Each structure stands twice: as structure tokens, then as C-alpha cells.
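Participant: Protein chains in written order, with our numbering: chain C, 8 to 275; chain P, 73 to 294. Idealized CB from N, CA, C, for every residue including glycine. Note that this is a predicted model, so its numbers are computed, not measured.
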Amino acid sequence: MIEFLSYGFIQQALIIGIALSLSAALLSPFLVLNQQAMIADGLAHVSFAGIILGILLSREPLWIAIPFVMLASLVIKYLSTTKTINGDAAIGLVSSIAFAIGLIMVKKGRGFNISIESMLVGNIFTATPTEMILSIIITVIIATFVILFYRKLFLMTYDINYAKFSKINVQLLGYVLSGLTAFFIVIGVRTIGTLLISALVVFPSVISSQLAKSFKNTLIIGVISSFIIVILGIFVAHPLEIPVGSTIVVIYAFVLLSLLITKPLWRT
Amino acid sequence: MIDYQHVSVYFGKFQVLEDVHFHLNLGDVLHIVGPNGSGKTTLVRTLVGLLKPTSGHIQIDAKTMGYLPQKLYTKTNMPMTVHEVIYSGLTRQTLRPCKNDCLAIDEWLEKMEIKHLKHAPMSYLSGGQQQRVYLIRALISKPDLLILDEPTSALDPSFREKFYLFIDEMQKENQMTIVHVTHDLTDAIKDNCLVMYVDQKIKFFGTYQEFHAFEHRGHHHD
Chain C
8 MIEFLSYGFI
18 QQALIIGIAL
28 SLSAALLSPF
38 LVLNQQAMIA
48 DGLAHVSFAG
58 IILGILLSRE
68 PLWIAIPFVM
78 LASLVIKYLS
88 TTKTINGDAA
98 IGLVSSIAFA
108 IGLIMVKKGR
118 GFNISIESML
128 VGNIFTATPT
138 EMILSIIITV
148 IIATFVILFY
158 RKLFLMTYDI
168 NYAKFSKINV
178 QLLGYVLSGL
188 TAFFIVIGVR
198 TIGTLLISAL
208 VVFPSVISSQ
218 LAKSFKNTLI
228 IGVISSFIIV
238 ILGIFVAHPL
248 EIPVGSTIVV
258 IYAFVLLSLL
268 ITKPLWRT
Chain P
73 MIDYQHVSVY
83 FGKFQVLEDV
93 HFHLNLGDVL
103 HIVGPNGSGK
113 TTLVRTLVGL
123 LKPTSGHIQI
133 DAKTMGYLPQ
143 KLYTKTNMPM
153 TVHEVIYSGL
163 TRQTLRPCKN
173 DCLAIDEWLE
183 KMEIKHLKHA
193 PMSYLSGGQQ
203 QRVYLIRALI
213 SKPDLLILDE
223 PTSALDPSFR
233 EKFYLFIDEM
243 QKENQMTIVH
253 VTHDLTDAIK
263 DNCLVMYVDQ
273 KIKFFGTYQE
283 FHAFEHRGHH
293 HD
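1) Candidates C:L162, C:S54, C:W273: which alpha carbon is nearest G200 (chain C)'s?
2) Any C-beta of chain C sitting closer than 9 Å to the C-beta of T153 (chain P)?
3) For A192 (chain P), would you say it is in contact with chain C, using Cβ-to-Cβ distances shorter than 9 Å as the test?
4) Could you name the residues of the same chain whose beta carbon sits closer than 7 Å to that of H293 (chain P), not counting the 5 residues immediately before and after it, in chain order?
5) Could you tell me whether the Cβ of I17 (chain C) comes closer than 9 Å to any Cβ of chain P?
6) Using beta-carbon positions only, say whether I236 (chain C) and M139 (chain C) come within less than 9 Å of one another.
7) Answer with yes or no whether the minimum CB distance from Q203 (chain P) to chain C is below 9 Å.
8) Given 8 Å as the limit, is there contact between the stretch 118-133 of chain P and the stretch 78-98 of chain P, that is, 3 or more CB pairs closer than that?
9) Along the chain, where does the alpha helix (DSSP H) that runs through G15 (chain C) open and close?
10) Note down, one range per segment and in chain order, each beta strand (DSSP E) of at least 3 residues found wholly within the stretch 216-263 of chain P.
11) Taking the continuous alpha helix (DSSP H) assigned at M139 (chain C), which residues delimit it?
12) Do S212 (chain C) and L50 (chain C) count as a contact pair if the criterion is CB distance below 9 Å?
13) So, does the CB of P141 (chain P) fall closer than 9 Å to a CB anywhere in chain C?
14) Evaluate S198 (chain P) with the Cβ neighbour count: other Cβ atoms within 10 Å of its Cβ, from every protein chain shown; 16 or more gives buried, anything less gives exposed.
15) Would you please state the rounded distance, in angstroms, between the beta carbons of Q247 (chain P) and G99 (chain P)? I believe it to be under 8 Å.
16) Listed from N- to C-terminal order along the chain, which residues in the stretch 136-163 of chain C have their beta-carbon within a distance smaller than 9 Å of any beta-carbon of chain P?
17) So, with DSSP's three-state summary, where would you put G278 (chain P)?
18) Over the uninterrupted beta strand (DSSP E) stretch that includes S127 (chain P), give me the two end residues.
19) Is there a Cβ of chain C sitting closer than 9 Å to that of G161 (chain P), yes or no?
20) How is the beta strand (DSSP E) around Q77 (chain P) delimited, first residue to last?
21) If you follow the beta strand (DSSP E) that F86 (chain P) is in, where does it begin and where does it stop?
22) I believe I186 (chain P) touches R204 (chain P) by the beta-carbon criterion, under 8 Å. Please report the beta-carbon distance rounded to the nearest angstrom.
23) Is the stretch 258-273 of chain C close to the stretch 246-262 of chain P, with three or more CB pairs under 8 Å?
24) Where does the unbroken beta strand (DSSP E) through D100 (chain P) begin, and where does it stop?
25) How many whole angstroms separate the CB atoms of T254 (chain P) and V105 (chain P), which I take to be in contact at a CB cut-off of 8 Å?
26) Against chain C, does M73 (chain P) count as a neighbour if the rule is that its beta carbon must be under 9 Å from one of theirs?
27) If you follow the beta strand (DSSP E) that Y269 (chain P) is part of, which residue opens it and which one closes it?
28) Could you check whether the Cβ of D166 (chain C) sits closer than 9 Å to any Cβ belonging to chain P?
29) Among the candidates P:G111, P:K244, P:P215, whose CA atom is the shortest distance from the CA of C265 (chain P)?
30) Can Y165 (chain C) and L40 (chain C) be called in contact, C-beta distance under 9 Å?
31) So that I know if they touch, is there some Cβ in chain C lying closer than 9 Å to that of Q165 (chain P)?
32) Where do the ends of the beta strand (DSSP E) carrying M45 (chain C) lie?
33) Quick test of your reading: A134 (chain C) and A20 (chain C), contact by CB under 8 Å. State the CB separation rounded to the nearest angstrom.
34) Using the DSSP secondary-structure output, state which residues sit across from Y139 (chain P) in a beta bridge.
35) Starting from the C-beta of I145 (chain C), find all residues in its chain whose C-beta is less than 8 Å away, skip the five residues before and the five after it, and write them out in chain order.
36) In three-state terms, what does DSSP make of P193 (chain P)?
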């Protein structure tokens with residue numbers, strides 16, 4: 008076990024895993040309990056195009072991909088505020104357009120030699136130091152944002168009209184929330200994969216709301232359970248040579264299923 | 073306190089409010105009545121700043137406002153406790169609620185007879201209990217202007233009476249200005265209150281005694 012931890016790439020994978028699990032679990036209740044769970048999935052598709060664009064244009068694809076996806080998240084948010092387009096339709100529109108353009112770029116882009124499969128599945132063990140540093144930065148930003156605006160975000164999540172009445176700038180907070188989600192998703196797509204990164208956002212709140220009665224505990228239990236599950240995922244996946252993202256999702260699903268099955272036994 | 077000047081509201085081509093104009097002073101209690109779809113809730117939404125009037129001007133000089141919406145758009149199946157919901161009504165909130173705020177919340181829960189539900193999840197509460205929680209949320213910041221949109225619709229009759237006595241008491245103590253939308257004036261009427269009958273336009277505005285005479289003239293058929 009000690010030997011396992013002495014590998015640089017394992018240490019790096021653990022740091023990224025912990026950072027991503029914390030960021031995702033902190034965002035989770037404000038998105039999932041506000042019927043915005045799918046925004047993570049949509050932005051993952053946009054990230055696919057963003058990263059391909061980044062690879063074609065730059066040696067550091069993330070410098071292109073991060074602003075690209077953050078911009079897309081603002082477009083989604085804007086479209087969903089218009090009266091004729093629903094939030095979920097806005098996500099569907101922007102993500103499918105971006106994904107389509109991404110696929111065209113792969114086909115027509117010159118010198119593109121990364122397999123699409125690696126982009127869809129991701130690989131946490133081949134992450135670059137830049138990705139590790141960015142994942143730490145985004146965790147710090149998200150944690151600060153959630154702690155500073157916790158009360159406002161809570162009110163906004165459960166009663167948007169009362170939040171507006173209380174003079175909370177719900178527009179601005181909403182945009183910042185999607186922008187930060189976008190930043191997190193781009194980093195996550197490279198390491199956990201396009202197809203699975205949204206699970207990191209969706210599972211924590213769904214799992215913790217089975218156990219918690221208060222919003223605060225939903226957030227805290229979500230953070231703790233993600234932290235444990237992501238580390239467990241990395242430890243299980245590496246020796247078995249299976250993808251880390253898939254392993255994490257399977258463990259999440261196992262935990263959720265056990266909770267749902269045993270709920271009648273412990274619920275008071 | 074409230075200067076509501078020539079306000080009209082359109083939803084597309086539909087005119088919901090037409091040139092509504094009135095003035096309220098500090099400590100006034102106004103009951104707004106009118107048939108379904110007459111624009112009562114729209115009027116309230118313009119007062120609390122959720123809706124911008126198409127034309128006209130609204131000036132409100134209140135330090136803090138309390139608001140109890142008619143339709144609660146809240147997600148009641150969300151994990152959140154009574155305490156968390158009430159705390160979100162305070163003007164100044166901190167990550168860790170201070171002792172005084174917690175004591176104030178306890179006092180209110182006691183008054184509303186739901187003290188035992190302090191840490192209960194909202195989803196466990198009945199409609200009437202939830203309504204009381206939202207009422208405390210509206211009152212906890214000691215508003216000088218209170219806006220109630222059919223507050224007693226989910227309350228049982230015995231508590232409804234208590235509720236109005238209690239609002240009346242608070243109003244007298246704090247010189248609170250109240251705007252109250254209702255279908256049923258019987259329990260709510262106290263001395264010196266004002267009544268507005270609205271149906272797109274203001275059809276009547278005056279004291280309750282005057283309103284009584286107005287009703288007897290048969291306004292429903294004009």
C-alpha cells in the first residue's frame with residue numbers, strides 16, 4: 008500500500024480525485040435540488056468540443072477549453088431565462104451543437120491524433136501537473152464561493168421568488184454558479200471522462216438526501232461520501248486496470264442502491 | 073409608506089391592472105378583495121418587486137418588508153428543516169446563526185404552536201404547518217411593511233382566528249403597515265382598517281364601514 012502511494016502519478020491522481028470530488032459535492036445540492044442536474048452533463052459535451060478546439064489551437068488545450076465552456080454555460084443560462092426556451096431544452100441545444108462541432112473538428116482537424124475513446128472515458132493517471140494545479144484552484148474558488156454565499160444560494164435553491172424579494176441578485180449568482188460548474192467540468196472531462204463527469208455532480212446530493220433531513224447536512228454528507236468514494240475508486244481501479252471514472256460511478260450506484268433498499272429498516 | 077401611482081400592468085395584450093392609484097400611510101391596514109383573476113396577486117407582485125409595472129410608478133418607504141406569497145413555489149420535498157427555512161427570512165444572515173436569532177426563532181415557533189417541529193424536515197409538515205413556517209419567515213425580520221397574499225388559505229378555522237388577533241396585536245405594537253389580500257373579510261376586519269375592491273381597476277377604496285354600504289349597493293352587477 009505504501010509503495011503504491013509512492014508513485015508520483017498515483018499521488019497526483021489522488022490529489023485531482025479529492026479536489027474534483029470536493030468541488031462537485033459542493034456544487035451538487037445547488038444544482039441537483041434546483042432541477043439543474045443535467046447542466047453538468049450538457050457542459051461535459053461542450054467540454055468535448057472545447058478540448059478538441061484547444062488541442063487544435065494550442066499546446067495547452069485547457070487555456071482554450073476553460074473559457075470556451077464557461078462561455079457556453081453563460082449562453083445556456085441566458086437561453087433558459089428567455090420565456091420561450093426551458094432550462095433543459097437550453098442545455099440540450101447548446102450541448103448537442105457543441106458536440107456536433109467537436110466531432111466535425113476531429114474528422115477535419117489536421118494532425119489530430121488523440122483517440123475519441125480516451126476523451127470519452129478520460130484518464131486520471133495521465134493527468135498533467137497543470138491539470139492538478141487547476142483542479143486545486145477550482146476547488147478553492149468553489150469552496151470560497153459556497154461558504155460566502157451559502158445562505159443566499161440556499162434561499163435561491165428552494166424559493167427563487169423569495170430570494171428575488173429579499174433583493175438577492177439571483178441572476179448574477181446563477182451565472183457564477185454555472186460558470187464555476189463549467190470550469191470544474193472541463194478539468195473533470197480530461198480525468199474522469201466526458202460521459203461520466205456529471206455523475207460526480209449528481210450522485211452526492213441524491214445519496215445524501217436519502218440520509219439528511221437538513222440542507223446543511225445534505226451538503227456535508229455529500230462532501231464526505233464523495234471524498235471517500237472517489238479515493239476508494241482510485242484504489243480499486245488501478246490494480247484491476249479498469250477505468251477510474253467507471254469504478255467511481257459503480258461504487259456510487261452501489262451505495263445509493265444499498266441506501267434505497269435498506270431505507271425502510273433505518274428510517275424513523 | 074406606499075405611493076402607488078397610476079400603475080398599469082399588461083401580460084401581452086391582456087390588461088391585468090388599469091391605472092391603479094392609491095396611497096398608504098405608516099400603520100395603515102389595507103385589505104384587498106376582488107373576484108378571481110381580478111389582478112390582486114399581480115398587484116402584490118408589483119409591490120414586492122417581483123413584477124415591473126408596464127407603466128406607472130411605485131414608491132415604498134419601508135426599512136424591511138415581510139412577504140407571504142399565495143402560491144408557495146418552494147420545493148417541499150427538498151431536505152431542509154423548519155429552522156433553516158425561517159432563518160432564511162432574516163435580513164442579516166451568517167453561516168452560523170447567532171444566539172439571539174435562534175432565540176427569536178424559538179419564540180416565534182412557540183407563538184405559532186409548532187415548537188416541536190423546529191428541527192423537522194419541511195416535507196414532514198402539513199400544509200397548515202408549512203404555512204405557519206412561511207409566516208414566521210415573513211415576520212422574523214420585524215418588518216415595518218407586511219404583505220400577506222391569502223395567508224390563511226391553508227390554516228384551520230380555529231388557528232385562523234388566532235392568527236388575525238395576533239397580527240392585529242403585532243400591528244398595534246410596532247405600527248406595522250399591512251397589505252392583506254383575502255377572499256374572506258370576516259375574520260380579518262378590525263377597527264380603522266381600509267378596504268380596496270379591485271377588478272382590473274380600483275372599484276372601491278375606503279374604510280370598512282363605507283365598503284359595507286358599497287357592497288349593499290350591489291357592485292357585483294354594475
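Facilitator: Let me lay it out:
1) The residue given as residue 200 (chain C) occupies position 193 in the first sequence. Comparing Cα positions, the closest option is C:S54.
2) The residue you call residue 153 (chain P) lines up with position 81 of the second sequence. Output row for T153 (chain P): interface = yes.
3) On the second sequence, position 120 is the one that residue 192 (chain P) refers to. True, the Cβ-Cβ gap to chain C drops below 9 Å.
4) For the purposes of this step, residue 293 (chain P) is identified with residue 221 of the second sequence, where counting begins at 1. Note on H293 (chain P): pLDDT 47, under 50, position unreliable in the model; the coordinate value appears next. Cβ neighbours of H293 (chain P) beyond the five flanking positions: none.
5) As a position in the first sequence, residue 17 (chain C) is number 10, starting the count at 1. Chain P contact via Cβ: absent.
6) Against the first sequence, residue 236 (chain C) aligns to sequence position 229. Against the first sequence, residue 139 (chain C) aligns to sequence position 132. Result no, Cβ atoms of I236 (chain C) and M139 (chain C) do not sit closer than 9 Å.
7) Within the second sequence, the letter at position 131 stands for residue 203 (chain P). No, Q203 (chain P) lies away from the interface with chain C (no Cβ there is under 9 Å from its Cβ).
8) yes
9) As a first step, residue 15 (chain C) must be located in the first sequence, where it is residue number 8. Membership of G15 (chain C) in the alpha helix (DSSP H) is indicated by the continuous run 15-39.
10) 217-221, 249-253
11) By 1-based counting over the first sequence, the position of residue 139 (chain C) is 132. First-last of the alpha helix (DSSP H) with M139 (chain C): 136-155.
12) Your numbering for residue 50 (chain C) matches position 43 in the first sequence. Your numbering for residue 212 (chain C) matches position 205 in the first sequence. Contact: no.
13) Position 69 of the second sequence, counted from the first residue, corresponds to residue 141 (chain P). Closer than 9 Å: yes.
14) Counting from 1 along the second sequence, the entry for residue 198 (chain P) is found at position 126. Exposed, by the Cβ-count rule.
15) Here the question's residue 247 (chain P) lines up with position 175 in the second sequence. Here the question's residue 99 (chain P) lines up with position 27 in the second sequence. About 5 Å separates the beta carbons of Q247 (chain P) and G99 (chain P), which is inside the 8 Å limit, making them a contact pair.
16) Taking a C-beta cut-off of 9 Å against chain P, the contacting residues of the stretch 136-163 of chain C are I154, L155, Y157, R158, K159, F161, L162, listed in chain order.
17) Counted from its first residue, the second sequence places residue 278 (chain P) at position 206. Note: G278 (chain P) maps to strand in three-state DSSP.
18) Within the second sequence, the letter at position 55 stands for residue 127 (chain P). 127-132 is the span of the beta strand (DSSP E), which, as asked, contains S127 (chain P).
19) Residue numbering aside, residue 161 (chain P) sits at position 89 when the second sequence is read from its first letter. For G161 (chain P), a Cβ of chain C is located within less than 9 Å of the residue's own Cβ.
20) Counting from one through the second sequence, the residue named residue 77 (chain P) turns up at place 5. From DSSP, the beta strand (DSSP E) with Q77 (chain P) extends over 74-83.
21) Numbered from its first residue, the second sequence carries residue 86 (chain P) at position 14. Start and end: 86-96.
22) One-based indexing of the second sequence puts residue 186 (chain P) at position 114. One-based indexing of the second sequence puts residue 204 (chain P) at position 132. Right, their Cβ atoms sit about 6 Å apart.
23) no
24) Counted from its first residue, the second sequence places residue 100 (chain P) at position 28. Counting along the chain, D100 (chain P) falls outside any beta strand (DSSP E), and DSSP gives it neither H nor E.
25) Residue mapping note: residue 254 (chain P) aligns to position 182 of the second sequence, counting from 1. Residue mapping note: residue 105 (chain P) aligns to position 33 of the second sequence, counting from 1. About 6 Å separates the two Cβ atoms, so the contact holds.
26) For the purposes of this step, residue 73 (chain P) is identified with residue 1 of the second sequence, where counting begins at 1. No, because no Cβ of chain C sits closer than 9 Å to the Cβ of M73 (chain P).
27) Stepping through the second sequence from its first residue, residue 269 (chain P) is reached at position 197. Segment 266-271, the beta strand (DSSP E) holding Y269 (chain P).
28) Position 159 of the first sequence holds residue 166 (chain C). Closer than 9 Å to some Cβ of chain P, the Cβ of D166 (chain C) qualifies, so yes.
29) Counted from its first residue, the second sequence places residue 265 (chain P) at position 193. Minimum Cα distance to C265 (chain P) is reached at P:K244.
30) Taking the first sequence and counting its residues from 1, one reaches residue 165 (chain C) at position 158. Taking the first sequence and counting its residues from 1, one reaches residue 40 (chain C) at position 33. Going by C-beta atoms, Y165 (chain C) is nearer than 9 Å to L40 (chain C).
31) Reading the second sequence from its first residue, position 93 is the one you call residue 165 (chain P). For Q165 (chain P), the answer is yes, since a Cβ of chain C falls inside 9 Å of its Cβ.
32) In the first sequence, the residue the question calls residue 45 (chain C) occupies position 38. M45 (chain C) -> not in any beta strand (DSSP E); alpha helix (DSSP H) instead, spanning 45-64.
33) Walking along the first sequence from the start, residue 134 (chain C) turns up at place 127. Walking along the first sequence from the start, residue 20 (chain C) turns up at place 13. Taking C-beta atoms under 8 Å as the contact rule, A134 (chain C) and A20 (chain C) qualify, at a distance of about 7 Å.
34) In the second sequence, residue 139 (chain P) corresponds to position 67, counting from 1. DSSP, once it has assigned bridges, lists P:I219 as partnering Y139 (chain P).
35) Counting from 1 along the first sequence, the entry for residue 145 (chain C) is found at position 138. So the qualifying residues of the chain are A26, S30, L187, F190, F191, I194.
36) Here the question's residue 193 (chain P) lines up with position 121 in the second sequence. Strand at P193 (chain P).
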